[in-house]
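S.K.: Our numbering applies: residue 30 is where the sequence shown begins, and numbers increase by one. Take this structure, written in structure tokens, and hold onto it; I'll ask about it next.
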Amino acid sequence: MYKDFAGSVDEFIKRYPKPIQQQLKTLRACIKTHAPEATETISYGMPAYKLNGPLVYFGVHAKHIGFYPTGEGVKAFEKKIIQLGYAYSKGAIQFPLDQPIPVDLVEAIVKHRVVSNKAKSSLRQGFGKQVKSKK
């Protein structure tokens, strides 16, 4: 159900039927609530959230909403994803269009990704600093 490029997340959401819009709004609200510092943009033709690097993305397909929390995000919650019965791949989880968005799962993944990205950013910032030796 890919639609032409949208300039903003609001435009992206408005391009879909009302029931799908509601699911996308739920997903968006969950992401924004648990990653308030993240920058919201359109990347790869879909909503993207960035905080010290890519955080999560989402897009609409013929039978599902694709949620893309990167490979690290999927791996950290793989057991829960399997337990809940969602189709998934290395970097994506499929939420069927005929089911509600699993807000608890999305919340947990987004919180995890925020912590992970902040930790990686701290490591990168400290990597280039030279340590002065004591004499």
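Note that beta-carbon positions come from the ideal geometry of N, C-alpha and C, so glycine has one too.
In the structure shown, what three-state DSSP assignment does Leu84 receive?
M.R.: Start at 1 with the first residue of the sequence shown, and residue 84 comes out as number 55. DSSP places Leu84 in strand when its eight states are reduced to three.
S.K.: Compare the C-alpha of Lys54 against each of Thr99, Phe106 and Val135 and name the closest.
M.R.: Along the sequence shown, one-based indexing puts residue 54 at 25. When each option's Cα is compared against that of Lys54, the closest is Val135.
S.K.: Let me check understanding here. Comparing Cα to Cα, which of Ala64, Ile42 and Gln123 lies closest to Phe96?
M.R.: As a position in the sequence shown, residue 96 is number 67, starting the count at 1. When only C-alpha atoms are compared, the closest one is Gln123.
S.K.: Taking the Cβ atom as the reference point for each residue, do Phe106 and Leu56 lie within a distance shorter than 8 Å?
M.R.: For the purposes of this step, residue 106 is taken as the residue at position 77 of the sequence shown. For the purposes of this step, residue 56 is taken as the residue at position 27 of the sequence shown. In this structure, Leu56 does not lie closer than 8 Å to Phe106 by Cβ.
S.K.: What is the DSSP secondary structure of Gln50, counted as helix, strand or coil?
M.R.: The residue you call residue 50 lines up with position 21 of the sequence shown. Helix.
S.K.: Which residue comes first and which comes last in the beta strand (DSSP E) that contains Lys79?
M.R.: Stepping through the sequence shown from its first residue, residue 79 is reached at position 50. Run containing Lys79: Met75 to Lys79, per the beta strand (DSSP E) assignment.
S.K.: Report yes if the C-beta distance between Val89 and Ile60 is below 8 Å; otherwise report no.
M.R.: To locate residue 89, count along the sequence shown from 1; it is residue 60. To locate residue 60, count along the sequence shown from 1; it is residue 31. No, the pair does not count as a contact, with Cβ atoms beyond the cut-off.
S.K.: With a CB to CB cut of under 7 Å and the five nearest residues on each side skipped, what residues in its chain are close to Gly100?
M.R.: Taking the first residue of the sequence shown as 1, we reach residue 100 at position 71. Lys119 and Gly120, listed in sequence order.
S.K.: Excluding five sequence neighbours on each side, which residues of the same chain lie with their C-beta closer than 6 Å to the C-beta of Gln50?
M.R.: Taking the sequence shown and counting its residues from 1, the one referred to as residue 50 is at position 21. Closer than 6 Å at Cβ, skipping near neighbours: Ile42.
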